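**Student:** In this note's numbering, the protein residues as written are 128 to 417.
Ideal Cβ positions, reconstructed from N, Cα and C, are used throughout, including at glycine.
Source: prediction; values computed, not measured.
The following block contains the structure, expressed as structure tokens.
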């Protein structure tokens, strides 16, 4: 039995316009984050129209591609074909230990300055609405650990917010998601992140892919969730779209203190009002032969 395996991810983002438009610089967060459990074996990036691509590390340690366009067009296409190696057997995925730390969490003095950015709400103007929402949640001090409470928050959001796939750019504010009772994975990840920050728990926004039946059938899309920092254990993912802990099926491409920091594709085009026609996103997973 092998202690590693390959995974192929095809990620397509296509835009259509009614007439040729010109394109400004585009920022791509499309390369899986590497670490002790994942290594990128190969990555092919195809862009239409032609663009010059430069890579850089951002302040959060994400690998970012910048596309500089030389020509205009009626379509804009980003096609990514990446093969990663996971360092565990697919038959026995790793089981991470749980955090025993009670609420409120006590962070190391050496980490507090960095964690401050992950504990400050992004949508401070919605504090009142968030406090009303938080009042409906159980008391975190009544749980055996802060992690158990965080999992309960993920479950509560999953139960309260109806999933709705949205292709529009950006995220809804937490107040909007709560009032509508619906949102995309990005929206509920933002709601969870903000909920925990209001409670003094360090949380960040994570973007990437999910290995599931939809992506295996070439019907998937990009995904987003929240990650929480626990003393001694580090960052752990929680998926409010499913109401569960993240596991090996979640592939991270970027993390940030703000949802805008890791949008898979961001940029501007220049053209007449109404030039934009459509956008399509697709993600496909497969297991290549060794």
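Whole angstroms are fine: how far does the CA of residue 228 sit from the CA of residue 356?
**Tutor:** About 11 angstroms.
**Student:** Put residue 406 into one of helix, strand or coil per three-state DSSP.
**Tutor:** strand
**Student:** Any idea if residue 254 is buried or exposed, counting beta-carbon neighbours within 10 angstroms, 16 or more meaning buried?
**Tutor:** exposed
**Student:** What are the boundary residues of the beta strand (DSSP E) that residue 374 is part of?
**Tutor:** Unbroken run through residue 374: none, as it is neither H nor E.
**Student:** Hey, how far is the Cα of residue 169 from the Cα of residue 290?
**Tutor:** C-alpha separation (whole angstroms): 33 angstroms.
**Student:** What's the C-alpha gap between residue 176 and residue 288?
**Tutor:** 39 angstroms
**Student:** Cα separation between residue 394 and residue 301?
**Tutor:** 24 angstroms
**Student:** Identify every run of the beta strand (DSSP E) within the segment 322-387, keeping only runs that are complete inside it and at least 3 residues long; order them along the chain.
**Tutor:** 330-337, 350-357, 361-366 and 377-383
**Student:** Tell me which residue opens and which closes the alpha helix (DSSP H) that residue 285 is part of.
**Tutor:** 273-287
**Student:** Could you tell me the alpha carbon to alpha carbon distance between residue 235 and residue 188, rounded to whole angstroms?
**Tutor:** 21 angstroms
**Student:** So residue 394 is in the alpha helix (DSSP H); what residue range does that whole segment cover?
**Tutor:** Element bounds for residue 394: not the alpha helix (DSSP H) but the beta strand (DSSP E), 392-397.
**Student:** Out of 375, 384, 413 and 414, which has the shortest C-alpha to C-alpha gap to residue 219?
**Tutor:** Measuring from the Cα of residue 219, the nearest candidate turns out to be 375.
**Student:** Where does residue 284 land, buried or exposed, given buried means 16+ other C-beta within 10 angstroms?
**Tutor:** buried
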